[in-house]
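*Asks:* Let me give you the structure first, and then I'll get to my questions.
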Amino acid sequence: MILKAIPLIGCLKYTKHNFTGLCVKGFSNYTSVLRGVESIRPSYLLSVLKSEFHNYLISWPFKKNIFSRRSFTAVKMSEDDQYSLPNDYPIVELECQVAFDALSNKQKLYAHYLSLASWHGSLAVYLQTSPESPLIFSLLTKVFSNEPIDELKKAALIKGFSEDNFTAFLVYSSVFFSNSGNYKGFGDTKFVPNLPVDQLEVLLKTSKAWNSEPEALQTLWDRVKGPLYSLSEREKQLSYPDKIRLAAIETSPDVIPEADFKGNKFVVTKGDYSPIMKLLVQHLGKAKEHAANDFEKKMLEHYQKSFTTGSLDAHKDGSRQWIKNKDPIIETYIGFIETYRDPAGSRGEFEGFVAMVNKPMSEKFNTLVNKAESLLTRLPWTKEFEKDTFLQPDFTSLDVLSFSGSGIPAGINIPNYDEIRQNEGFKNVSLGNVIPAAYKDAKTPFLTQEDSNILEKLRIPAFEVQVGLHELLGHGSGKMFCQTNDGFNFDADEIKHPFTGRKSGVMVVQQFVLRPASALGSTCCRGHVIRMEKDRMPKKALQNKEKGRRPRTRWVVQALKDLEVKGISTFYKVGETYDSLFTSLGSTYEECRAECVGLFLCLHKDIVEIFGVKGQDAEDLIYANWLSMVHVGVAKCLENYQPSSKLWLQAHSQARYVILRVLLEAGGGLLEVKETDPGKDLLITLDRTKIPTVGKKAIGDFLHKLQASLVYKATADLESAKNMYNKYAEVPEDGPHPFAKWRAIALAQKKPRKILVQANTKEDGGKIYLKRYPPTPEGVVQSYIDRFTNMPTHPSILLEELWKMDKDHF
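Going by UniProt numbering, the sequence shown opens with residue 1, and the numbers climb by one from there.
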């Protein structure tokens, strides 16, 4: 049986943790149902698909899990209240006018077409997020495209619509567009309009769009009004997906792999989002005409090939050209990049950004890069666990012009392909205009007034230091121990386990001697013992090979018992990657590692001085950085924890909470969190005098245990990693720090994550201009409507057509 496994737009049926059936639909309306399959663990089937189709797992629509409801009585707030949006939702402008004005017109044209590629490509995110998101997008864009917002408001007020309800409609629309769907990009929780459904229907029927297309708008409304407001437990957050999809213009099965599983053949097909990818490729072609050098031209050619054919190898080749393009004036990256929202941790969501270099801050980062190789020696692991050669990356501060997708980060370390990062290089970027915008007017509950004042003054410069260390020396450090076609990328005989001090030669014995020998029972090991090449075998094993001996099982077992060695016993086999092995654990693990590196290294004043901070100001900045980390761990992170399922919904939040637990465990008077007003308030106390001693030791030891010490990440020791990390990620119900109970207090004090209203580029007579928008819900909505005004086909038509292709399988 041939199943068209990508795109998988069908349903997986579960009995507890096992599959009982699989329904798969291909892009060409081919449908097949696999019945009577032996029970297959979802994780096992996923691992098979990953190993066979790893190069093609780049996009997916999400599926929700079923969760049970849980409520708290300490704070009088419905659990569902957190899913509605307040009318005073914070919005700030992402300012980039000065950096844009410094560009030549040729550079502006390059940035203009790259921005169009990014924004038009991001239409795919609505299809990736939820079944209803494309239709909500279509409904909203039709309403706002047919008349100015002021006229729509005037007509609504005449019909008796209240000011508050109209504001609520605009707020929902602006948050929806900013997250590219009806789930938050940071935390993956659903949000719903803060006005009654009947009032929203009245407003829609007042619009010119409804009057011009009543039947079409009525059909759209009938399809979305249920899921628009629904907050059943299975819909409150995105969770484990049951589909894997490949985005490309072409729909033919050319050179796509096949795999057999349990006697059934899986064939990958392509063509998802084809009309969207076609637009993207056209804009990349126009951008190429204004490229500054051959690196940029070749990069865009590879990207065009990738989005045309679905080839991930082509995207990797484009990334290779990208890292060779040093110190460009216009920086960009585009594709199905980050895997944070995929519960499996492997499949990417579309995003694209275009940014201009911020020269003053980039000079500081360049100084950090130049000193990076010596700074790496201060991390708590030996040189064997660091890359053989430090590949000096670009590290620039950028002012973002356009960032499409479900959210804007503060810093990025890319590409995410481990084989390129480890062997060829990478780039670090700090998004300089995002950091001050994100922290503008930030509130700090649960702190003393003195500590609040310190964060108000120093949070932004402290975060700039943390981002620099996090991206360059956090994500950029560490070696992964791999098996290669020629042997290993480490000395399999001599490398020592950092915890036991034992040599790892036994690793190869265990892998290639003990296991085959044990499987053969008491019989001769025969040729199973000598399966490896001579340079891959530990020396003691080779002695017997050279003498022509065939050791019996009892000899091998006894020899290993006598050694009593616990060397490094795991590593990455050929074809394995960090994401494919660590899956859903990978993102939060790596973010925690990078955050810890930032905290650990910022304690060195000479590093802080690189950023122009000295003396007492440096002491205060270090304290502000640590205080900010623990404050976020208490006040912000618990929002992204789901008590009913005991799942973390966001990788960064889980990582920062884990660091909070590590520092609490350290004791010694370093950190305390107390409930000062039962059910209402908490107090965080961090002793700054203990940070250089108790705090440094705690983070250093944790880095040594975490894959940051590279014992777990570097050696692919997944089980040890899970056991260690999950202990700290637990949210206890009771004890001295009952964070499960305190979560309700944190939610009562939470402030929404800010929306950043972005400018648009506009062409007029061969010149490119910047159009800015006010930091209001009206400004956000208008910015998104303007982005798609000149498309050859209205985006609502594209998304509705693609939705129709999938609708029978939601």
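We treat Cβ as the ideally placed atom computed from N, Cα and C, and that holds for glycine.
With Phe169 as the anchor, note down where its alpha helix (DSSP H) starts and where it stops.
*Replies:* Counting along the chain, the alpha helix (DSSP H) containing Phe169 begins and ends at 163-179.
*Asks:* Can you list the alpha helix (DSSP H) stretches of 4 or more residues lying completely in the segment 580-645, in chain order?
*Replies:* The segment 580-645 contains these whole alpha helix (DSSP H) runs: 605-609, 615-635.
*Asks:* Compare the C-alpha of Lys696 against each of Ile334, Ile622, Asp441 and name the closest.
*Replies:* Nearest C-alpha to Lys696: Ile622.
*Asks:* Assuming His631 contacts Leu447 under a Cβ cut-off of 8 Å, what Cβ separation, rounded to an integer in Å, is found between them?
*Replies:* With a Cβ gap of about 6 Å, His631 and Leu447 count as contacting.
*Asks:* On a CA-only basis, which of Asp764, His704, Phe186, Arg661 is nearest Ser406? Give me that one, please.
*Replies:* Checking every option, the nearest Cα to that of Ser406 belongs to Phe186.
*Asks:* In the structure shown, what three-state DSSP assignment does Ser311 receive?
*Replies:* Three-state DSSP puts Ser311 in coil, outside helix and strand.
*Asks:* What residue range is occupied by the uninterrupted alpha helix (DSSP H) comprising Lys697?
*Replies:* Where Lys697 is concerned, the enclosing alpha helix (DSSP H) stretches over 696-705.
*Asks:* Beta-carbon separation of Gln321 and Lys298 under 8 Å?
*Replies:* Yes, the pair counts as a contact, with Cβ atoms nearer than the cut-off.
*Asks:* Can you pull the DSSP bridge partners for Trp648?
*Replies:* Paired residues: Tyr641.
*Asks:* For Ser232, count neighbouring C-beta atoms within 10 Å of its own C-beta (all shown protein chains included) and say buried if the count is 16 or more, exposed if not.
*Replies:* The residue is exposed, with fewer than 16 neighbouring Cβ atoms inside 10 Å.
*Asks:* Check for me: the beta strand (DSSP E) holding Ser404 runs from which residue to which?
*Replies:* Ser404 -> beta strand (DSSP E) spans 394-404.
*Asks:* Mark Thr789 as exposed unless 16 or more other C-beta atoms lie within 10 angstroms of its C-beta, in which case mark it buried.
*Replies:* The residue in question, Thr789, is exposed, as its Cβ has fewer than 16 Cβ neighbours within 10 Å.
*Asks:* Look at the alpha carbon of His704 and the alpha carbon of Met356, and state the distance between them as a whole number of angstroms.
*Replies:* About 37 Å.
*Asks:* Quick one: grab the DSSP three-state call for Asp808.
*Replies:* DSSP places Asp808 in helix when its eight states are reduced to three.
*Asks:* With 16 other CB atoms within 10 Å as the buried threshold, where does Lys674 fall?
*Replies:* Looking at its Cβ environment, which holds fewer than 16 other Cβ atoms inside 10 Å, Lys674 is exposed.
*Asks:* Rounded to whole angstroms, what's the CA-CA distance from Ile329 to Ala666? Just pull it up for me.
*Replies:* Answer to the nearest angstrom: the Cα atoms are 45 Å apart.
*Asks:* Using the DSSP secondary-structure output, state which residues sit across from Glu349 in a beta bridge.
*Replies:* In the DSSP output, where bridge partners are listed per residue, Glu349 has Glu338.
*Asks:* For Met791 and Phe600, I'd like the C-alpha separation in whole angstroms.
*Replies:* Near 49 Å, if we compare the C-alpha coordinates of Phe600 and Met791.
*Asks:* Starting from Leu220, trace the alpha helix (DSSP H) both ways and give me its first and last residue.
*Replies:* From DSSP, the alpha helix (DSSP H) with Leu220 extends over 214-229.
*Asks:* Could you give the distance in angstroms between the alpha-carbon of Asn423 and the alpha-carbon of Phe169?
*Replies:* Rounded to whole angstroms, Asn423 to Phe169 spans 50 Å at the Cα level.
*Asks:* From Asp764, Lys767, Asp786, pick the residue whose C-alpha is nearest to that of Tyr773; which is it?
*Replies:* Ranking the options by Cα distance to Tyr773, first place goes to Asp786.
*Asks:* In this structure, how does DSSP classify Ser130 when only helix, strand and coil are distinguished?
*Replies:* Note: Ser130 maps to coil in three-state DSSP.
*Asks:* If you check the beta carbons only, do Ile365 and Thr339 fall under 8 Å apart?
*Replies:* Here residue 365 turns out to be Phe, not Ile, going by the sequence shown. No, Cβ-Cβ distance for Phe365 and Thr339 is not below 8 Å.
*Asks:* If you check the beta carbons only, do Phe350 and Tyr333 fall under 8 Å apart?
*Replies:* Not in contact: Phe350 and Tyr333 (Cβ atoms no closer than 8 Å).
*Asks:* Are the segment 686-696 and the segment 655-671 touching by the rule of at least three beta carbon pairs closer than 8 Å?
*Replies:* As far as the Cβ criterion goes, the segment 686-696 touches the segment 655-671, which means the pair count is three or higher.
*Asks:* How big is the Cα-Cα spacing for Gln449 and Thr685?
*Replies:* For Gln449 and Thr685, the distance between alpha carbons rounds to 12 Å.
*Asks:* From Pro738 to Asp342, what does the alpha carbon distance come to, in whole angstroms?
*Replies:* Approximately 29 Å between the Cα atoms of the pair.
*Asks:* Measuring CA to CA, which of Phe166, Gly779, Asn211 is closest to Asn194?
*Replies:* Nearest C-alpha to Asn194: Phe166.
*Asks:* Output the boundary residues of the alpha helix (DSSP H) element that contains Gly411.
*Replies:* Taken as a continuous stretch (DSSP letters only), Gly411 belongs to no alpha helix (DSSP H), being part of the beta strand (DSSP E) at 411-414.
*Asks:* Ordered along the chain, which non-local residues of its own chain (more than five positions away) have a Cβ less than 7 Å from that of Ser212?
*Replies:* Closer than 7 Å at the Cβ level, and outside the excluded window around Ser212, lie Asn146.
*Asks:* With a threshold of 7 Å, establish whether the CB of Lys190 neighbours any heavy atom of the ligand MG.
*Replies:* No copy of the ligand MG occurs in the structure displayed, which carries no ligand at all.
*Asks:* Mark Ala102 as exposed unless 16 or more other C-beta atoms lie within 10 angstroms of its C-beta, in which case mark it buried.
*Replies:* With fewer than 16 other Cβ atoms within 10 Å, it is exposed.
*Asks:* On the DSSP letters alone, give me the boundaries of the beta strand (DSSP E) that Ser122 sits inside.
*Replies:* Run containing Ser122: none; DSSP gives neither H nor E here.
*Asks:* Hey, would you say Leu123 sits closer than 8 Å to Pro795, going by beta carbons?
*Replies:* Yes, the pair counts as a contact, with Cβ atoms nearer than the cut-off.
*Asks:* Rounded C-beta distance between Ser404 and Gly181? I'm assuming under 8 Å.
*Replies:* No, Ser404 and Gly181 are not in contact; Cβ-Cβ is about 13 Å, not under 8 Å.
*Asks:* Exposed or buried, which one is Leu798 when buried takes at least 16 other CB atoms within 10 Å?
*Replies:* Per the 10 Å Cβ criterion, buried.
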